[in-house]
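Single-structure report; data block below.
2 protein chains.
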Amino acid sequence: MRFHSPAIQYFHAVRRTGSIRAAARVLNVASSAVSRQILKLEQEVGSPLFERNARGLTLTTVGEMLARHVMNVLQDLDRFRSDVASLSGAWHGTVSIACIESLTESVLPDLIASHRGRARRVNFATEVKGSSDVLEALSRGEADIGIAIALRHPPDLRQVALKRFRLGALVAREHPLARRKTVTLAQCLAFPVIQALPELSIYHLLQPLIAQLSETPEPAIQANSIDLMRELAARGVGVAFQTQLGINRLSRDSQLVFLPLDNAGSPVWSDLGIYVRAERTLPAFIESFLQELVRELGERERRENAAYPQVA
Amino acid sequence: MRFHSPAIQYFHAVRRTGSIRAAARVLNVASSAVSRQILKLEQEVGSPLFERNARGLTLTTVGEMLARHVMNVLQDLDRFRSDVASLSGAWHGTVSIACIESLTESVLPDLIASHRGRARRVNFATEVKGSSDVLEALSRGEADIGIAIALRHPPDLRQVALKRFRLGALVAREHPLARRKTVTLAQCLAFPVIQALPELSIYHLLQPLIAQLSETPEPAIQANSIDLMRELAARGVGVAFQTQLGINRLSRDSQLVFLPLDNAGSPVWSDLGIYVRAERTLPAFIESFLQELVRELGERERRENAAYPQVA
DNA sequence: ACAGGTTGATGCCGTTTCGGCAACAGCTAT
DNA sequence: ATAGCTGTTGCCGAAACGGCATCAACCTGT
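As they're listed, the protein sequences go chains A and B. Each residue of the first sequence is one higher than the last, beginning at 2 in the working numbering. Each residue of the second sequence is one higher than the last, beginning at 2 in the working numbering.
Here it is in structure tokens:
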């Protein structure tokens with residue numbers, strides 16, 4: 002089913018690979034064919050689309066505009082194909098998800114397992130990244146759905162939902178803080194803490210608050226893995242910080258205790274955003290999963306914030 | 002600048018004209034070429050796109066899906082072209098507007114004149130239709146912006162804004178009702194009324210209210226032109242009904258008086274919606290005008306509803 | 001019922017476009 | 001300097017496209 006001019010597809014491949022010869026290898030055609038199609042495109046647009054560096058090609062401003070158009074075309078073609086297929090009763094395809102680590106413990110595996118129980122021919126491709134990388138992958142068309150900390154997002158992305166979860170401290174059951182209902186940052190800093198590295202969004206959430214305090218935290222352990230931080234906390238090494246997302250199940254049968262964090266009497270929130278490309282209509286089977294994801298995250302938000310009601 | 006496969010463009014022309022030969026005439030090619038491209042498309046999709054009637058072609062379900070995709074592609078291509086052009090400082094193009102008659106007296110001419118004062122190379126194509134025809138023209142890609150009575154709109158359209166204007170009675174200055182501040186429907190029906198025909202949205206707004214009344218209105222005059230109704234009312238022929246939109250200026254130096262309508266103590270609203278195709282990103286120069294349109298309508302809504310404050 | 005006008009589809013053929021091969025110039029890193 | 005990469009360009013065969021004439025099927029008006 003090849004509707005569109007080869008120029009479109011070749012351009013797309015060149016943009017992704019950053020090289021004409023590499024694109025030709027991917028496309029199983031001669032590099033000369035790719036080169037000519039690009040030249041033809043540039044002639045028709047009336048402006049160069051790539052800057053020819055010695056080591057490959059980089060998009061020009063006009064090239065980026067065309068890249069946006071081509072991505073819109075190809076993604077909408079995918080949707081059309083999926084629509085036609087589902088007309089024949091074939092509900093299948095691959096949902097590509099880019100998300101931050103917080104989701105991997107419980108939310109995402111639960112949802113995917115449940116969804117595949119009902120729609121066995123829908124496949125999933127997941128990739129865990131930092132928040133900004135999630136948004137970039139989405140912009141580049143390398144993922145269908147992105148879940149990231151809700152900071153400013155580029156205008157080519159659409160925030161489908163915004164859910165806020167309470168940030169808290171994670172300590173071992175035997176930890177002196179474990180008997181409290183809530184903790185303040187200052188109380189935590191009296192003990193060894195497991196600091197998140199700047200790659201993790203937790204760093205950017207806590208850093209401003211720490212800066213407000215007079216005392217500097219005792220440098221204990223730094224890590225860039227939420228999983229590792231959790232396991233360290235369970236072993237009593239120190240106090241870790243993260244959202245409650247996905248701790249529910251773990252804290253029951255493990256050594257971990259989650260303590261909601263209070264700062265100046267009010268909770269510390271971590272805002273989670275669900276994103277898709279703005280200029281795109283999702284295939285039905287992706288849209289369906291997206292709705293479930295939004296619903297489930299909303300459910301968790303409600304449940305977890307009810308478990309730890311806000312202090313007045 | 003012809004990026005896309007001829008099949009795409011031919012299909013689009015055939016869909017619009019409803020005939021292969023007519024499409025060929027428009028495209029300045031032989032009908033055989035068009036026929037073959039359509040057949041090729043159908044072979045690649047694996048399903049017929051048109052039903053061959055003796056008098057032309059009609060889209061099948063799959064054909065409509067492809068039509069949606071093709072429209073997305075071509076409209077996005079337009080946007081890309083416009084983006085590239087405005088990069089060279091050339092801010093031009095044509096804004097195609099489909100709207101109902103209420104806007105023609107003041108809102109639309111004012112806005113277009115003002116906009117062209119600032120951007121002289123932006124052209125306009127306006128078409129006045131009934132509400133449902135406005136939405137249809139938009140769905141078919143024959144207009145960029147649609148303004149219609151806000152009823153249920155098809156899912157392929159997006160309601161950019163919703164503004165409500167008060168419905169009222171229009172009478173000549175010498176009319177017995179002219180001295181009142183507001184009127185009820187029952188009071189109006191005591192006089193000869195100028196009834197809107199079902200093609201006008203006013204009919205559908207008033208009919209349910211009239212049905213609630215015990216008395217049936219005295220059949221006086223029926224019309225399907227807002228302009229005509231207004232002129233008739235000015236000549237004292239009867240009571241006309243319409244929104245205040247565009248009466249402001251007229252009522253000053255003419256024989257017309259606008260009386261807000263009250264029904265069971267509450268105003269009667271006419272909801273005006275501004276629509277665009279949902280699966281589309283507008284060219285910058287259209288988006289710019291759209292924002293002005295929304296702002297201006299919001300301004301009028303505020304001003305007019307302030308002039309006739311709601312009765313308690 | 002019949003003729004005249006439609007409609008879309010097809011076979012034939014010249015033109016255009018596309019793609020593969022090989023060679024080229026330019027650059028980088030070893 | 002050599003080796004390896006880049007994108008570009010002639011040359012040529014293959015595939016796709018478009019135009020012309022023709023065909024069968026259908027509607028319409030007489």
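No residue lacks a Cβ here, since even glycine has one placed at the ideal position from N, Cα and C.
At least one CB atom of chain B sits nearer than 8 Å to the CB of E45(A). Chain B has no Cβ within less than 8 Å of the Cβ of V30(A). In the same chain as R281(B), and ignoring 5 residues on each side of it, the C-beta atoms closer than 6 Å to its own belong to Q76, in chain order. Counting C-beta pairs with one atom in each stretch, the stretch 92 to 108 of chain B and the stretch 113 to 120 of chain A have fewer than three that are closer than 8 Å, which means they do not touch. Residues of chain B whose Cβ lies closer than 9 Å to the Cβ of I101(A) do not exist; the shortest such Cβ separation is about 28 Å. Here Q245(A) carries a coil assignment [DSSP, helix/strand/coil]. The stretch 7 to 22 of chain B and the stretch 181 to 194 of chain A do not touch, with fewer than 3 CB-CB distances between them shorter than 8 Å. Boundaries around T18(A) are those of the alpha helix (DSSP H), P7 to T18, since no beta strand (DSSP E) includes it. Comparing alpha-carbon positions, the option among E300(B), L58(B) and L190(B) lying closest to A241(B) turns out to be L190(B). In summary, the residues of the stretch 76 to 101 of chain B whose CB is separated from some CB of chain A by less than 8 Å are D77, L78, R80, F81, D84, V85 and L88, in the order they occur in the chain. Taking 8 Å as the CB threshold, F286(A) stays off the interface with chain B.
D228(B) and E200(B) have their C-alpha atoms roughly 14 Å apart. The alpha-carbon of V108(A) is positioned some 18 Å away from that of L257(A). Interface residue (Cβ-Cβ distance to chain B less than 8 Å): F4(A) is classified as such. Contact of H70(B) with chain A is assigned, a C-beta pair being separated by under 8 Å. In the DSSP assignment, Q223(A) forms a beta bridge with Q196(A). Counting only Cβ-Cβ distances below 9 Å, V277(B) has no contacts in chain A at all, with the closest Cβ about 13 Å away. Rounded to whole angstroms, L283(B) and E137(B) show a C-alpha spacing of 18 Å. Each residue's CA atom was taken as its position, placing K164(A) and V27(A) some 40 Å apart. Each residue's CA atom was taken as its position, placing R304(A) and R153(A) some 27 Å apart.
The beta carbons of R278(A) and L60(A) sit about 17 Å from each other, so the pair does not count as a contact at 8 Å. Contact annotation: V238(A) and I195(A) have beta-carbon atoms nearer than 8 Å. When the Cα atoms are used, D111(B) and H70(B) turn out to be separated by approximately 36 Å. For Q256(B), the secondary structure class from DSSP, reduced to helix, strand or coil, is coil. Distances from the CA of A285(B) to each of A68(B), V96(B), Q44(B) and A31(B) were compared; the closest alpha carbon is that of V96(B).
When Cβ-Cβ separations below 8 Å define contact, V74(A) makes contact with chain B. When beta bridges are read from the DSSP output, F125(B) appears opposite V96(B). Per DSSP, the unbroken beta strand (DSSP E) holding L168(A) starts and ends at L158 to A173.
Residues of the stretch 48 to 66 of chain A with a C-beta less than 8 Å from any C-beta of chain B: S48, T62, V63 and M66, listed in chain order.
Cβ-Cβ distances below 7 Å link R82(B) to M2 in the same chain, with the five nearest sequence neighbours on each side left out; the list follows chain order. Across the stretch 6 to 18 of chain B, CB contacts with chain A closer than 7 Å involve S6, A8 and I9, in sequence order along the chain.
CA-CA distance, R231(A) to F166(A), rounds to 17 Å. Interface flag for T282(A) against chain B is set, since a Cβ pair is found closer than 8 Å. Under the criterion of beta carbons closer than 8 Å, R181(B) and L233(B) do not qualify as touching, at roughly 20 Å. Cβ contact annotation for A126(B) (same chain, cutoff 6 Å, sequence separation greater than five): T95 and S97, in chain order. For I150(B), the enclosing beta strand (DSSP E) begins and ends at I146 to I150.
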